[in-house]
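In case it helps, UniProt numbering puts the sequence shown at residues 1 to 133.
Positions of the beta carbon are idealized from the N, C-alpha and C atoms, including for glycine.
Written out below as structure tokens is the structure these notes cover.
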Amino acid sequence: MNSKTSIELVYPRTHFSGPVVVFAVSELKMDVATSTMETDAQEKNLNKWDFTCDVEVDCKSEENACIIYSTLNVDKELQPDKVRRLMSVSNGKLSVRFEAVEARFLRASFSAFMDALTLATKTIEQFGKDMEL
């Protein structure tokens with residue numbers, strides 16, 4: 001599938017506009033689930049990772065998936081006591097599970113990961129031989 005999206009980012013003193021392809025919408029499955037937070041301190045400790053997000057990205061090939069996995073796996077979570085990221089590669093797909101103690105940590109981790117994923121994907125498209133994601 002060859003769908004391209006044009007986005008515009010405006011930062012102070014910086015302007016970028018151009019095509020960005022990460023993956024087609026049909027190739028991204030996201031399941032964001034939050035469980036109710038328990039008020040009991042003991043149950044809260046047992047259910048520490050109340051907020052989760054699962055993402056599966058079709059990388060078109062096992063090689064692309066392994067390149068992206070290797071690139072993103074070196075960046076560890078800044079607060080591992082508050083956010084966990086579990087990644088795996090199978091059949092050309094990168095699967096990622098985020099777990100967090102609060103929704104704001106989940107959002108921040110997911111957002112930073114998607115930025116890095118976008119960069120890795122654009123790099124493969126730009127410099128990989130005959131590779132297009």
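- A contact between stretches requires three or more CB pairs, one per stretch, nearer than 8 Å, and the region 58–75 fails this requirement with the region 97–107.
- Between F51 and R85 the beta-carbon gap is near 13 Å, outside 8 Å, which marks them as no contact.
- In this structure, the CA atom of K48 is about 9 Å from the CA atom of E99.
- CA-to-CA, the gap between V83 and F110 works out to about 10 Å.
- Inter-residue distance for Q126 and P80 is about 33 Å (C-alpha atoms, whole angstroms).
- With a threshold of 16 other beta carbon atoms within 10 Å, L119 falls short and is exposed.
- In the displayed model, K48 falls within coil according to three-state DSSP, outside both helix and strand.
- Residue environment analysis places D58 among the buried positions, since at least 16 neighbouring C-beta atoms fall within 10 angstroms of its C-beta.
- For K93, the CB contacts under 8 Å within the same chain, skipping 5 residues up- and downstream, are E56, V57, D58, C59 and A65 in chain order.
- V96 sits away from Y69, with the two beta carbons spaced by 7 Å or more.
- Exclusion of the five residues before and after E62 leaves G92 as the residues of its chain whose Cβ lies within less than 6 Å of its Cβ.
- Membership of S61 in any alpha helix (DSSP H) is not indicated, and neither H nor E is assigned to it by DSSP.
- Take the alpha-carbon of A108 and the one of I124: they are about 25 Å apart.
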